[in-house]
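Asks: Quick one: the structure is below, and I'll ask about it shortly.
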């Protein structure tokens, strides 16, 4: 298990191979984002997108799944405070296969809780063609191995 | 239909009554965020949360559903560029009923596309007890009624 002390600013990870089906795009959108270009193929063709595209929140959720299965597996994660600069850069389409790339960009010990480390990471979600479809800065919390060492 | 010109900075909306069940928390988490405190009641009791809690991305998706059903219904929305300052302030638990509150905080015409208005709004997701569980600043795009009027 990797603790706060084991994480280095600048370290990068690549992970995942998530195949996005039309059925999953429709199912997520019908529940959480029922705009016509996410739920109706015909309406989507007449929209600015020109075809059915995944909800941006669905794309985020897919990247979260890859984070949990990959970079977070060996981390003593204590959850996340939030996310900055979430951007939807290109639409995700049925048949796309996504992966993620993460980079640790900052780390520091919490001032209010010395058992808690703050680790900020940039995430990018990427298609099979190398196009970045989503990015954000995750504000993570990771347990310290030796909280007394300050 | 309300266009960019019809939106006023400072306008607020309150909307929604979304009942969050244990079954939905488990279903979302098993697909998109399989951390034990989202997918396993016993493990959740032993976690820092002390009980099963919804994935933060699930909470975001629920708020998106209320945005689509409410404030976005009468808007000429052209999608969103992204979200800033997404924060998970308190966990969402089985049995919570959520609503949203939105406030328009900025608007301006796109410099690259005069048919497009940028409208930034603060969103808060709120429990039945008035506790804010999530907040973000949505970077929306809304069509202009009269693109030539510059």
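Protein chains in written order, with the numbering used here: chain A, 465 to 614; chain B, 465 to 614.
Every residue, glycine too, gets a C-beta built ideally from N, C-alpha and C.
Going by beta carbon distance, what residues of the same chain come within less than 8 Å of residue 475 (chain B), once the five residues before and after it are set aside?
Replies: Taking the second chain and counting its residues from 1, the one referred to as residue 475 (chain B) is at position 11. For residue 475 (chain B), where only same-chain residues beyond five positions count, the Cβ hits under 8 Å are 567 and 568.
Asks: Among A:607, A:588 and A:502, which one has its Cα closest to the Cα of residue 516 (chain A)?
Replies: Start at 1 with the first residue of the first chain, and residue 516 (chain A) comes out as number 52. Residue 516 (chain A) has its Cα closest to that of A:502, out of A:607, A:588 and A:502.
Asks: With contact counted as at least three CB pairs below 8 Å, one residue from each stretch, are the region 594–611 of chain A and the region 522–540 of chain B in contact?
Replies: In short, these stretches do not touch, since the Cβ pair count stays below three.
Asks: Is it buried or exposed, residue 525 (chain A), if we count other Cβ atoms within 10 angstroms and call 16 or more buried?
Replies: Along the first chain, read from residue 1 onward, the residue named residue 525 (chain A) stands at position 61. Result: buried.
Asks: Determine whether the Cβ of residue 545 (chain B) lies closer than 8 Å to any Cβ atom of chain A.
Replies: The residue labelled residue 545 (chain B) in the question sits at position 81 within the second chain. Interface residue, yes.
Asks: Name, going along the chain, the residues of the region 502–515 of chain B whose beta-carbon falls closer than 8 Å to a beta-carbon of chain A.
Replies: If the cut-off is 8 Å between Cβ atoms, the region 502–515 of chain B has 512 near chain A.
Asks: Under DSSP, the alpha helix (DSSP H) around residue 512 (chain B) begins and ends at which residues?
Replies: Along the second chain, read from residue 1 onward, the residue named residue 512 (chain B) stands at position 48. Taken as a continuous stretch (DSSP letters only), residue 512 (chain B) belongs to no alpha helix (DSSP H), as it is neither H nor E.
Asks: So, helix, strand or coil for residue 486 (chain A), using DSSP?
Replies: The residue given as residue 486 (chain A) occupies position 22 in the first chain. Three-state DSSP puts residue 486 (chain A) in a helix.
Asks: Beta-carbon of residue 496 (chain B) versus every beta-carbon of chain A: anything under 8 Å?
Replies: As a position in the second chain, residue 496 (chain B) is number 32, starting the count at 1. Answer yes: the Cβ-Cβ gap between residue 496 (chain B) and chain A drops below 8 Å somewhere.
Asks: Please classify residue 540 (chain B): does DSSP put it in a helix, a strand, or coil?
Replies: Residue mapping note: residue 540 (chain B) aligns to position 76 of the second chain, counting from 1. Note: residue 540 (chain B) maps to coil in three-state DSSP.
Asks: If we call anything under 8 Å between Cβ atoms a contact, is residue 600 (chain A) one with residue 562 (chain A)?
Replies: Here residue 600 (chain A) refers to the residue found at position 136 when the first chain is read from its first residue. Here residue 562 (chain A) refers to the residue found at position 98 when the first chain is read from its first residue. Not closer than 8 Å, so no.
Asks: Could you check whether the Cβ of residue 520 (chain A) sits closer than 8 Å to any Cβ belonging to chain B?
Replies: As a first step, residue 520 (chain A) must be located in the first chain, where it is residue number 56. Yes, contact with chain B.
Asks: Taking residue 523 (chain A) as part of the alpha helix (DSSP H), name the residues at either end of that continuous run.
Replies: Within the first chain, numbered from 1, the residue matching residue 523 (chain A) stands at position 59. Unbroken alpha helix (DSSP H) run through residue 523 (chain A): 520–533.
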